[in-house]
Every structure is written in C-alpha cells, then in structure tokens.
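Structure record follows, encoded as structure tokens.
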Amino acid sequence: MDPIDVDIDDMGDALDNNEQWNQQHKDEQEKQSREQLSPSDDVIGGNTANDNDVDIGEDNYVVGDDASMKEETRDISPNASKRRRSTSPDVAEGDGEVKGGETVSKERGKQGYGRGRRWNKFRRTHNESENGGPEGTDQTHQRRRSKFSPEISKTKQWDTVLITALDVYDYAKEDIMDAANTLEEVDDTSKPSIATFERCVEAFPIKTGAYASVVGILKAKGKATLAEHIVQRVLHNLVSSISSGNRIAAIHNMRFLIGTHCAGFESCQTMQIIEALIKIAKNIEEAEFESHRKYVNAVVAADNLMYIVMASLPWFSCDEYAKNKKQIHSFCDEIAAYSDRRNYKMEKVASDLKRTDIDPSNDDHLHNPYAYIAAYNAYTDDIRFEDRLTTGVECLRSLREHDWISSTAFRFYQSKGVVEHIFAKPAETEVADEVAKVTQEILQAILKIEHDKTWNFKPVPFMPLNFALRSDKYEKERVHDKWLFQEHVIHTIHVFMDDTDLCARQLIKIPFNHYYGDRAILEILFNMMLSPIYRQHFSMFGILVIHNLCNIEHKMEGYFHDLYSQLTDYIPRLDPTVVSDLITVGAYWFSVEFCKVRKLLASTKLYKLRQKAEACGMDIEADRKEQAEIEEQVKEAIKVKNKELFSAMFEHNVRSPLNFNQRLLDKISRLVYMDKLLNYAPESLKDSIRAAVQVAPLNVQQAFRDKPIEHRVFLNLLHFNKLTAEENELRNRRIESFINNLVGKEPLKELPPNVFAESKIPDVEMTDEAEVTADPTVKRWSREELILIFWESLVIFGNKSLTHLMRLLEFHGEVLKRFIANDQEGAFQDSIAFKALRLTHQTLKNTKKFELVMGELLKLNVISPADACRLVFHHFPTSEFFSNHSLTIIDCAFDIARDRVEHARTRLSDPSGNAELHRTALEEREGWMRQLTLTLLELANNFMMQRMGDSLESSLTNIVKNVLLRNATHSYALSYARIEAVERGFHRRLVAAVDLALLVQSVQTPF
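For the sequence shown, the UniProt record's numbering assigns the number 1 to the initial residue and increments by one for each residue that follows.
Okay, here's the thing in structure tokens:
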C-alpha cells in the first residue's frame, strides 16, 4: 500500500453524523485548495521547508507561495504582527475597555468551528480501487469511523477554545468569555477538561492571566467545584515541578495561582506559598553541609526558589498590590537582600580561583558555589556576574516605582470587560467538603516541603553576551516591561522547542513594542545559541527559528546581521567555544539565506505569467519580453542580497587570530555548492574559497598510475566483503608477512605470482632475495616505508566512498594497530602513528572526512586518544590548530575515553558477570582517562612555558578549560592531573582551569 498525505480536521470524528457540517467542511476544503494556487503578493516561497524564499541558481529559480503561512485563520502578516505588538498597555492593565470588533472575521459555531483550529497531517495507507485511484476517492465516508460520542465532541471543543484563546489580543475579552461559557457546561469532575486546562497553564506563558480569569468567572457562574479541581491540579503540579527541578513549569503554575488569587479564589493561599518558598531558600543559606557537591546543589535550589517567587510577583493585580502593599514589598525586600548576599559571593569568584591554598579536589571543604559563572563565561578577559536573578531585582524595583503597572504581565483579571464578570454576584454554590480537603492536603505538602527535596534545579539562566543598541527607541521601554518580555521569550522557546516554525509564530505573537521586541528576541536566541553554559546544541534550532521569524518580519534579517557583526568585531575576546558556535551559526545562516530573497513582487508576477501561458497553451512575444525583464530583476535582487550576506559574514574578520574566515568557509563548504558560491563571492574572498574547495578524488587507475608496484600488491590484498574472523585475520597476516618479507629488499619490478597461494600460508615468498652485501646505493625498503605504502593504498582505495573507507578501516585497521604497538619509543613526530595520520590528512584533503576517519580510528583503538591530542597540538599555534577538525578531534578523543569508562562501569554493575575481571577492566580504563587528561595539560604547558603572548595563552587556556568542563564528572582524572600539575610546576592558568572544572562538576547546565 502506498502512503498518501491526508488533512483531517480534529473535529471530524466527533461530527460523524452531521451531514450538513460534512458538506460545509468539504466546500471549505475546496475553497482553500483553490486559494493556495496563487502566491501572495508579499512573500515568495521556494520549497516546503522554506515557504517564504526564492532560491535562485545560476540560470534558474523557483517561485512558490506562502500559503502555508496562512493556513491558520488568523493573519500573521508583518503588518498584523506589528499591530499586535502595538496593543495598548491599557488592554492588559484595565485602564480602558478590552478591544473588540466586528470587522475581523471569526470562525465560530456549535459544530466545531473554533477560531484558529489546527489541522493535523497524517501518513495514511490506502488500497488502490478498481479505477486506479485511492479507494473512496469519489465517495464519502469510506473509511471506518467510530460512533459519535458527545463526550469526545465536547473534549475537542474545550481543547480548541482553551488552546486558541488569545491568539489575537484584540479579542481577549471574547476569548476569555468563550472559554468560560464553554467550560460552564462541563461536569465538575471532567478529567479531560481539567487535564487540558492544566497543560495549557504550563504550555502558554503569555496566556496565564487569561486562564486565571476563566477560573474566576467559572466560580462566579456557580462552577466553584470545577474551579477548585483545576486549582488542585495546578497546586499539585507546582509541588511536582519544584521537586523535579522544572523551574519554568513552576513559574507558570505560581503565576496562575497568583492570578486566581486576584480573581477572587482564596483557597490556594498564595501568600502562604510565597512565604514558604522564601523560607526554604533562607533555610538553605543557614544550613550546614558536609560536602561541596551538596552545598552547590542546595545553593542553586535556593536561587531558583527565589527566582520563581520573583518572576511571579508581577502577576499580582494593581488592586491586590494596593491591598497588600506592605506584604508584597516585604517579599521584594527579601529577594533584594538575598540577591545582595549572593552578589557578594559572586564578586569573590575571580579572586577565589587565584588562591593557591585551596584544594578543590577535596569535597569535604566548602568553596565558592558560584564558580560555574566563571566556568561558562562568554568572554576571556572579563567575568560578568549578572544573571536573570540579578536583573530581576531591578525589575521589581522598577515595577514598584511605576505603581505596579506593567504592559507585559497581561493581567486580564483586572481589565475592564473581564473584572465585572469575575466579581459579579456569585451563584449559590459551595465546594464539596471532600474536594476542599484535598486542596488543603496538597497545600500542606507545599508549605512543609523540605529543602533537600528541591535540589534538582539547574542554575538560573544568564545571558552573558551583551549587544550595543543602535537607536534610542530601545531605551524608552520600562525596565520591568523589558525584563518580563524577555521572560516570555525564554519560556516560549523552551516550551516550543520541538517545532521551529510554531516557535517563531508564538514569539512574534507576544505583544510588545516591536522596535524593542524584535531585537530582544534575536539577542536571547543568540545567547542561547552561543553561551557555553547551554550544552544542548541550539545552533540549528535557533537559526531555523530566526529564519522563520524573518519570513514573518522581514526587517529582522537586518537585526540578525547587525548582532552577528557585533560579535565578529570582538572575536579575540570571545571564548573559543563561543567562536566555534558562532562559526556554526554563521554557516547555518548562510546556507538557508544564500541566493534567497523575500518580498519580491517581480517574482510573483513571473509566477502568474507562467501560469497564464500554461493555461493558454501558447507563448506571447510580449509576455516573453516581460518575463525576461522580471527574471533580470530577480537575479539583480539576488546579487544584492548575496552581497549583503557576504558583507555581514566576512567583512569584519579578515585578521582574526582564531582563523575565523577559513573555518567559516570550511563549514559553509559542507552546506553550499562551492561553484555557486564562487559566482557571487567578492574578489577578495575567491582565493580563499578556491582553497576550501574539495577536489574530487581520482579514480583508482589514475591514483596508482605512478605509484610503486607494492601499492598494487596491497590493493589486491584489501577487501570490502564481510568475512569470518578467521578469514579476515588471514588476510591481515598476509599483509603483515608481505611487509616483513620485503624489509631490506629492493622494490618489486613486477607483481609476485604467489600472493594468493592456494595453501593460504601467510608468508609471501619473494622471487628475488637481496644479498646482505648488496650495493648500498640501490634503493631498499624499510619497514616504516612499507607500512606507509600499505596505509596510503588503503586510504586512496577507500577515498571514493566513505562507506568503503570505513569498511577498510574496520577490516584492516588491525594491521596498523599492531605496527604502532611495536613502535612506542622515540618522539611522537618520528612515530608510525604520526606519519600515518599526517598521510591520511594529506590524502583525503577533506576536513569533514578526516574528522570521521579519526573518529573511526579512535573507536577501533587503532590510535590512542593521547596520540590524537598530540597530533592536534603538533600544529600549534598555526591555523591548522585553530581549525574545525582539530578541535573536533580533541573532543572526540575524550568522548571515546569517557565512553569506555562508562561501558566498563556498566559491565561492573551487571551481577551476572565476572566482577573481578570487570573491576580490573574499569581500573585500566580509568587509568587511560587519567593519562589522557594529564597529556592534555602537558601539551598545553609545553607551549605556555614559552611565553607566547597573552592572547595565545588565553585562547589555549580556554580550549583546555572547555575540554575539562565537558569531562568534569570524571573527578578522579581531574584530581590526578591536578596533583601532577602542581608537583611539576605547570602554568598557573592550567592549574586554575583544573580547579574550575573540579568546582563545577556537580552543576547541571540550564535547559
């Protein structure tokens, strides 16, 4: 059966018996399909993955439409999004009536026409009918359906109303009332509706106030029991999120509880919860800890508890603030005092790291718990201590100065048109005693939680990258409004991390001054993509989100280039890890933007002209002339776009000490056709681009044309097919015997006839043995030369196909491994391992393929991780060291060593195995990890003792520091390396890097 794509409305199954709705739904589908045939006049699409681009090649281009951007009922064009961001603060603050209008069409109805309902695409299989089409093509309701269920129908209606509420803020009042009216018909114990509600509270950061308003209206309408059940679930989720360390979910739940408190719901006792969280944080400060690891985890938990309270306080309405001003001010003062004590510790981080009288490997001694801020700082010459908690204190101070008025908290429960319904005369209803009892039990669980149950939090996020503002417009917004807007952005990115397009649409819908909002979104995404503390790879996700944002708001492309240029101006100051991530970001951005333009009316006209010509079945000379003119306009626009792109990516990085331009070109060459790149590149870059172009490898006949006959012998001994272990071992023994027998003899003049003897004897007998007293002027093979000939033959033979190359390494890498094992004396530069690896790099001429080959050799244990590090440091401080593949090889070497230790630990924990044998294997692998860590420090120390200059020393130190941080959990290796480094007088910067890794080994990184 062949798969086909089917669009199915999520209300379809629930409305099976409604023929009128089915016919109307069918007409609507046909109308949508007709509308999608013509492109928009504003945005041009190139493909389904990139709906708003025109992809122009050298001689052709593709024009599409932006139908996918308008598949939802709400318009999200640039103009519309600007209007949403310009929504008056009065809407959310109650200074005016919530706006509404009859001019904007809204899909409503009792039969499932929820506004902005979402369509889900499936893959569905079908059988071919007799007429050759899919079965049921011309028939209605051929697929098997479930019976109509009123409960399912209502559930889907609740989902639609709750999820799509506030998708357009001009209809906030209507959306809130729709949700309340819909839930009014729900049973008080309806699990589906309550489950949907609690998920929405955690999933939509900017809709918290609306959901709290709905609960308040439900209580006023006599649905107090249902409202109580919803609050119960949110209280339970608050306990769970605090215990599990889910900071963002805890903030959303806490904000909702504050909102329900402001909406007249008093059973949740919000003030007592806030007091309890602050008390837990203060208890942690006063507690005594037996180990530094527990101390750090507890301090991080205290920071998060204060952060949860601080980020939730702005959700108190102005009326509640006026009623409880003294108590709310006391909360703010507690947070400010905690922040001052915290800042004192953070300011001592730099001096504490320089102390020589402490031993971070001693976990019994308590050290500065905020060392992780220095560990994951983005700059090499400055430690910036301001994180979201520090700036949040300024937010509360600003909020108090402005009488608790905010345009970004969206407290709809205090807005005109909503508050009247919340505080209307309540219906005669009471919450059942058993329901109220459950609420109190959950509440007591929060109030009595122990501080050691909150130690699963990750550090409070911070944005270490600072950007200069280009306009005074960005400073006009109030401090607390900007901080809360940034909170919404961070939370939205976290919630919608599985869908870049949906994430971009949700970000652009956050109402705020777009002059500040657009740029703030990009600044936060840059920090999350580049900050070293975010270990997850946000680079590709962030770029796709920004790309989708630019499709909606075209001006954001200019903001991206501005921020990127600011970072490239400070490359010497940036941490090497940040630079590597910046290169990745630049390459991804270049690949999705190269030869693509947005908002080009000429391309839309060209598309329509082609449709017209195809419909008429004839070409008109005038149309052809107009078509040619339009094509030239499109090509000219592409040239302008590419010129701006090259300028933003490369102009400021000509003399970077970290080899920025070449590394960026290397990354781009893996994503973009280089011949196409040359056509649009400026003259100043063309030579560099040609140097980065990977020449196609020669075929086997050409590659071995001028090689000695020995290459052909090895070529005949290699194989791709999967053999048994005995057969493969026989092949490898023949290769070794051939090498050993030819040592000290003259080069072959013809292929030996008995390489594949039927007796399968490994030894290869030579036909012309050389005498010991032969002429010394005659060329004779050494073992090293023959080994390199064998290895060169293998690499050339497999270079055409990466799959073949990996198979050859798997089958015959053992030969090189044995010769390397017998060559452990002398300097590394004179070893077979170094010469074989250098030969591999020269032969492949492809950095990405070389990375993969090195990784495979490390996995097969052909070369040791220590030798891989020695190979990389051999090129320091040349551009070869500051290259993409060199830093990747170091990371790969440590990854392999770490995986071997973890594998040995897993085997030791298996009770069915030989415990003594597994323990011995674990000790051996841990010894390898110790030696590898010490080798890295030795290699770096050898160069740093030569006084190379502060810039190079700083770069090298930070590279070593980042490698150690990624392996900080192996404290036994760090402790061993530190002891050796101190005894042997290693450079102080290297010892400090080890100390830093030991201090932060237990810290979980944000997100």
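Glycine included, every Cβ here is placed at the ideal spot set by N, Cα and C.
It should be emphasised that the depicted structure is a prediction, and the values quoted were computed from it without experimental measurement.
(message) Looking only at its chain, what residues have a beta carbon closer than 7 Å to the beta carbon of F882, apart from the 5 residues adjacent to it on each side?
(response) Translated into positions along the sequence shown, residue 882 becomes position 882. Non-local C-beta neighbours of F882 in its own chain, meaning closer than 7 Å and more than five positions away in sequence, comprise L658 and N659, ordered along the chain.
(request) Have a look at the DSSP bridge pairing and note the partners of L574. (result) Along the sequence shown, read from residue 1 onward, the residue named residue 574 stands at position 574. Beta-bridge analysis with DSSP links L574 to Y379.
(request) Measure from the alpha carbon of A276 to the alpha carbon of each residue in K667, A703 and F331, then state which is nearest. (result) Along the sequence shown, read from residue 1 onward, the residue named residue 276 stands at position 276. Measuring from the Cα of A276, the nearest candidate turns out to be F331.
(request) Taking only heavy atoms of the ligand HEM into account, decide whether any of them is closer than 7 Å to the Cβ of V418. (result) Only the bare structure without any ligand can be found here, which leaves the ligand HEM out of the picture.
(message) With three or more C-beta pairs closer than 8 Å as the rule, is the region 860–870 touching the region 817–826?
(response) Here the region 817–826 makes contact with the region 860–870; the two share three or more CB pairs at distances below 8 Å.
(message) Could you tell me which whole alpha helix (DSSP H) segments of length 4 or greater appear in the region 267–341?
(response) Runs of the alpha helix (DSSP H) inside the region 267–341: 270–286, 292–312 and 318–323.
(request) Following the continuous alpha helix (DSSP H) through C550, name the residue where it begins and the one where it ends. (result) Position 550 of the sequence shown, counted from the first residue, corresponds to residue 550. First-last of the alpha helix (DSSP H) with C550: S539 to I552.
(message) Whole angstroms are fine: how far does the CA of E320 sit from the CA of D403?
(response) The residue labelled residue 403 in the question sits at position 403 within the sequence shown. The residue labelled residue 320 in the question sits at position 320 within the sequence shown. For D403 and E320, the distance between alpha carbons rounds to 12 Å.
(message) Please report the distance separating the alpha-carbon of D387 from that of N466.
(response) Counted from its first residue, the sequence shown places residue 387 at position 387. Counted from its first residue, the sequence shown places residue 466 at position 466. Rounded to the nearest angstrom, the two C-alpha atoms are 12 Å apart.
(message) If you measure between the beta carbons of D363 and R293, is that distance less than 8 Å?
(response) Here residue 363 refers to the residue found at position 363 when the sequence shown is read from its first residue. Here residue 293 refers to the residue found at position 293 when the sequence shown is read from its first residue. It is a contact, given that the beta carbons lie within the stated cut-off.
(request) In angstroms with no decimal places, state the Cα-to-Cα distance between L443 and S951. (result) Taking the sequence shown and counting its residues from 1, one reaches residue 443 at position 443. Taking the sequence shown and counting its residues from 1, one reaches residue 951 at position 951. Each residue's Cα considered, the two are about 56 Å apart.
(message) Between the region 497–510 and the region 210–227, can you find at least three pairs of beta-carbon atoms closer than 8 Å?
(response) Between the region 210–227 and the region 497–510, the count of Cβ pairs shorter than 8 Å is below three; the stretches do not touch.
(message) Using only the alpha-carbon positions, how far apart do G101 and A180 sit?
(response) Numbered from 1 along the sequence shown, position 101 holds the residue referred to as residue 101. Numbered from 1 along the sequence shown, position 180 holds the residue referred to as residue 180. Interpretation of G101 is limited by its pLDDT of 40, a score under 50 that renders its predicted location unreliable; the figure taken from the coordinates is listed afterwards. If I take the Cα positions, the gap works out to 20 Å.
(request) Can you grab the Cα-Cα spacing for the pair K848 / H885, in whole Å? (result) Within the sequence shown, numbered from 1, the residue matching residue 848 stands at position 848. Within the sequence shown, numbered from 1, the residue matching residue 885 stands at position 885. Cα to Cα, K848 sits roughly 7 Å from H885.
(request) From the DSSP output, in three-state form, read off S669 for me. (result) In the sequence shown, counting from the first residue as 1, residue 669 sits at position 669. Helix at S669.
(request) Please say whether A227 and L238 have beta carbons closer to each other than 8 Å? (result) By one-based count along the sequence shown, residue 238 stands at place 238. By one-based count along the sequence shown, residue 227 stands at place 227. Cβ atoms of L238 and A227: not closer than 8 Å.
(request) Tell me, to the nearest whole angstrom, how far the beta carbon of L996 is from that of K961; I am working on the premise that it is less than 8 Å. (result) As a first step, residue 996 is located in the sequence shown; it is residue number 996 there, counting from the start. As a first step, residue 961 is located in the sequence shown; it is residue number 961 there, counting from the start. Indeed they touch by this definition, with Cβ atoms about 6 Å apart.
(message) Quick check on R780 - is its C-beta less than 8 Å from some C-beta in chain C?
(response) You won't find chain C in this structure, because it holds only one protein chain.
(request) Give a yes or no on whether the C-beta atoms belonging to L639 and Y680 are separated by under 8 Å. (result) Locating residue 639 in the sequence shown gives position 639, where the first residue counts as 1. Locating residue 680 in the sequence shown gives position 680, where the first residue counts as 1. Correcting the residue type first, residue 639 is Lys in the shown sequence and not Leu. Between K639 and Y680, the CB-CB gap stays under 8 Å.
(message) Taking 8 Å as the threshold (C-beta atoms), are I335 and V309 in contact?
(response) Within the sequence shown, numbered from 1, the residue matching residue 309 stands at position 309. Within the sequence shown, numbered from 1, the residue matching residue 335 stands at position 335. Contact annotation: V309 and I335 have beta-carbon atoms nearer than 8 Å.
(message) Rounded to the nearest angstrom, what separates V418 and E184 at their Cα positions?
(response) The residue given as residue 418 occupies position 418 in the sequence shown. The residue given as residue 184 occupies position 184 in the sequence shown. Their backbone Cα atoms lie some 16 Å apart in a straight line.
(request) Label V778 either buried or exposed according to how many other C-beta atoms from any shown protein chain fall within 10 Å of its C-beta, with 16 as the threshold for buried. (result) Along the sequence shown, read from residue 1 onward, the residue named residue 778 stands at position 778. Under a 10 Å Cβ-count criterion, V778 is classified as exposed, with fewer than 16 other Cβ atoms of the shown protein chains found around its own Cβ.
(message) Please report the distance separating the alpha-carbon of F738 from that of K800.
(response) Position 738 of the sequence shown, counted from the first residue, corresponds to residue 738. Position 800 of the sequence shown, counted from the first residue, corresponds to residue 800. Computed Cα separation, rounded: 26 Å.
(message) According to DSSP, simplified to helix, strand and coil, what is Q627?
(response) As a first step, residue 627 must be located in the sequence shown, where it is residue number 627. It is helical.
(message) Give me the residue from E557, Q633 and D159 with the minimum Cα distance to A195.
(response) By 1-based counting over the sequence shown, the position of residue 195 is 195. The shortest Cα separation from A195 among E557, Q633 and D159 belongs to D159.
(message) Looking only at its chain, what residues have a beta carbon closer than 6 Å to the beta carbon of Y307, apart from the 5 residues adjacent to it on each side?
(response) As a first step, residue 307 is located in the sequence shown; it is residue number 307 there, counting from the start. Excluding sequence neighbours, Y307 sits near L389 and V460.
(request) Locate the alpha helix (DSSP H) running through G264, then write down its first and last residues. (result) Within the sequence shown, numbered from 1, the residue matching residue 264 stands at position 264. Unbroken run through G264: none, as it is neither H nor E.
(request) Starting from the C-beta of A904, find all residues in its chain whose C-beta is less than 6 Å away, skip the five residues before and the five after it, and write them out in chain order. (result) Position 904 of the sequence shown, counted from the first residue, corresponds to residue 904. Around A904: A921, L922 and R925.
(message) Once the 5 residues before and after L665 are set aside, which same chain residues still bring their CB inside 7 Å of it?
(response) As a first step, residue 665 must be located in the sequence shown, where it is residue number 665. Answer for L665: S688, I689 and A692, listed in chain order.
(request) Closer than 8 Å by C-beta to S290: which residues in its own chain qualify, once you throw out the five before and the five after it? Chain order, please. (result) Numbered from its first residue, the sequence shown carries residue 290 at position 290. The question names Ser, yet the displayed sequence has Glu at residue 290. Within the same chain, D364 come within 8 Å of E290 by CB-CB distance, once the 5 residues on both sides are set aside.
(request) Alpha carbon to alpha carbon, how far is E631 from N60? Give it in angstroms, no decimals. (result) Within the sequence shown, the letter at position 60 stands for residue 60. Within the sequence shown, the letter at position 631 stands for residue 631. Here the model assigns N60 a pLDDT of 39, short of 50, so the residue's position is not dependable, and the following value carries that caveat. If I take the Cα positions, the gap works out to 9 Å.
(message) Using 8 Å as the threshold, is the C-beta distance between I789 and H711 below it?
(response) For the purposes of this step, residue 789 is taken as the residue at position 789 of the sequence shown. For the purposes of this step, residue 711 is taken as the residue at position 711 of the sequence shown. Yes, these two residues count as a Cβ contact at 8 Å.
(request) Confirm, please, whether the CB-CB distance from S531 to Y370 is below 8 Å. (result) On the sequence shown, residue 370 is found 370 positions in, with the first residue counted as 1. On the sequence shown, residue 531 is found 531 positions in, with the first residue counted as 1. No, the pair does not count as a contact, with Cβ atoms beyond the cut-off.
(message) Taking the alpha helix (DSSP H) that H488 belongs to, which residues open and close that run?
(response) Taking the first residue of the sequence shown as position 1, residue 488 is located at position 488. First-last of the alpha helix (DSSP H) with H488: V479 to V495.
(message) Considering just the uninterrupted stretch of the alpha helix (DSSP H) at E386, what are its terminal residues?
(response) In the sequence shown, residue 386 corresponds to position 386, counting from 1. Element bounds for E386: n/a, residue is neither H nor E.
(request) Give the single residue among A436, A250, R573 and A868 whose Cα lies nearest to the Cα of T933. (result) The residue labelled residue 933 in the question sits at position 933 within the sequence shown. Among A436, A250, R573 and A868, the Cα nearest to that of T933 belongs to A868.
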